[in-house]
Amino acid sequence: MWQPTHAQTQEIVAQYLNGASTVTLAEGLGLSRETIAALLRRNGVEIRGRSEAILAVGARRRRWRYEPQQEGIS
Numbered sequence: 003m004w005q006p007t008h009a010q011t012q013e014i015v016a017q018y019l020n021g022a023s024t025v026t027l028a029e030g031l032g033l034s035r036e037t038i039a040a041l042l043r044r045n046g047v048e049i050r051g052r053s054e055a056i057l058a059v060g061a062r063r064r065r066w067r068y069e070p071q072q073e074g075i076s
């Protein structure tokens, strides 16, 4: 059974709260979505429903699209 370090747990929670999906997090770590969801629940994080997840992805995409790029700005 996979046992994340405290630092890994904090990073997973932070990424999820910033809009990453359980699927994206699981794929990045080679784990199942269910394993990530269980870790989040154990750490007091409420799992987003499907419609909330879709809204979170859309908000992230809009934020990325409209944030000015820092490279090359003098």
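In my numbering, the protein residues as written are 3 to 76. Yeah, the Cβ is synthetic: ideal placement off N, Cα and C, and Gly gets one too.
Check your understanding: Taking just the CA atoms, how far does A16 sit from G32?
Key -> On the sequence shown, position 30 is the one that residue 32 refers to. On the sequence shown, position 14 is the one that residue 16 refers to. Going by the C-alpha atoms only, they are around 18 Å apart.
Exercise for review: Name the two residues that bound the continuous alpha helix (DSSP H) containing E48.
Suggested key: Walking along the sequence shown from the start, residue 48 turns up at place 46. Here E48 belongs to no alpha helix (DSSP H), and DSSP marks it neither H nor E.
Practice item. Give the single residue among V25, E13 and P6 whose Cα lies nearest to the Cα of R35. Key: On the sequence shown, position 33 is the one that residue 35 refers to. Comparing C-alpha distances from R35 to each of V25, E13 and P6 shows the shortest one belongs to V25.
Exercise for review: Could you pull out every residue in the same chain whose Cβ sits closer than 8 Å to the Cβ of V47, ignoring the five residues on either side in sequence?
Suggested key: The residue given as residue 47 occupies position 45 in the sequence shown. For V47, where only same-chain residues beyond five positions count, the Cβ hits under 8 Å are V15, Y18 and L19.
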